[in-house]
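Take the sequence shown: its letters are residues 56 to 235, numbered as in the numbering used here. Here a beta-carbon is modelled for each residue, glycine too, at the ideal position from N, C-alpha and C.
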Amino acid sequence: MARRLVVAMTMAIAGAALAAGPAAGGGWATVGLDSVPGGIRAGEAWSVRLTILQHGRTPLEGVQPELTISKADGGAERTFAATPTGQAGVYRASVVFPSAGSWDYVVDDGFSARHSFGPVRVADATRPAGGSVPVAAATPDGDGGPWGALAAAIAVGLIAAGIVLIVQRRAHRGTPPTEG
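Structure representation (structure tokens):
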């Protein structure tokens with residue numbers, strides 16, 4: 056029985072390690088924006104600098120990031136290429152919201168993921184504009200880097216190990232004692 060328990064625990068730990076491996080392997084980046092389009096009017100250009108960092112630390116060069124805007128009600132969608140600024144990991148895009156309303160915006164970092172921002176309210180072209188507002192970095196959609204996947208893999212491994220222990224104990228209770 057002890058041997059089966061050791062084998063089951065080893066398999067549970069190996070499964071958790073295999074699931075966590077790709078997440079901790081290094082294929083992720085963060086995107087920070089120097090501003091958000093706060094107070095912008097339809098037809099007005101929003102000039103934004105994107106800072107793309109591999110693992111949230113190392114400036115990422117040689118990628119081709121894009122910023123995509125989409126009407127929140129499912130209407131229009133437009134994509135704007137970001138170009139290198141000459142500063143490592145920093146790219147610039149000029150974005151124009153074609154109409155007033157609620158818009159979502161997403162940055163494809165050109166490396167590993169799409170990062171969601173927004174929504175933003177775009178004013179009618181006849182209203183006065185407010186200006187841009189500083190904003191913090193965002194993480195890839197749905198996972199927050201490798202740590203979320205690593206925690207999930209560990210949790211799955213622990214649950215599997217717990218199930219194995221319960222099954223082993225129940226099986227052991229049904230076994231008559233041996234005399235020695």
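Would you check if the distance between the CB atom of residue i and the CB atom of residue j is smaller than 8 Å?
{"i": "residue 153", "j": "residue 97", "result": "yes"}
{"i": "residue 164", "j": "residue 118", "result": "yes"}
{"i": "residue 166", "j": "residue 108", "result": "no"}
{"i": "residue 145", "j": "residue 85", "result": "no"}
{"i": "residue 100", "j": "residue 122", "result": "no"}
Using three-state DSSP, classify residue i as helix, strand or coil.
{"i": "residue 222", "result": "helix"}
{"i": "residue 216", "result": "helix"}
{"i": "residue 170", "result": "strand"}
{"i": "residue 147", "result": "strand"}
{"i": "residue 228", "result": "helix"}
{"i": "residue 118", "result": "coil"}
{"i": "residue 152", "result": "coil"}
Roughly how many whole angstroms lie between the Cα atoms of residue i and residue j?
{"i": "residue 237", "j": "residue 92", "result": "Outside the shown range of the chain, which is 56 to 235, sits residue 237, and nothing can be said about it."}
{"i": "residue 223", "j": "residue 216", "result": "10 Å"}
{"i": "residue 103", "j": "residue 130", "result": "23 Å"}
{"i": "residue 138", "j": "residue 181", "result": "30 Å"}
{"i": "residue 112", "j": "residue 87", "result": "11 Å"}
{"i": "residue 128", "j": "residue 142", "result": "36 Å"}
{"i": "residue 150", "j": "residue 135", "result": "6 Å"}
Between which residues of its own chain and residue i is the CB-CB distance below 8 Å, once the five residues before and five after are set aside?
{"i": "residue 177", "result": "92, 95, 96, 97, 152, 154, 155, 156, 157, 158"}
To which residues of the same chain is residue i closer than 7 Å at the C-beta, ignoring the five residues directly before and after it?
{"i": "residue 218", "result": "none"}
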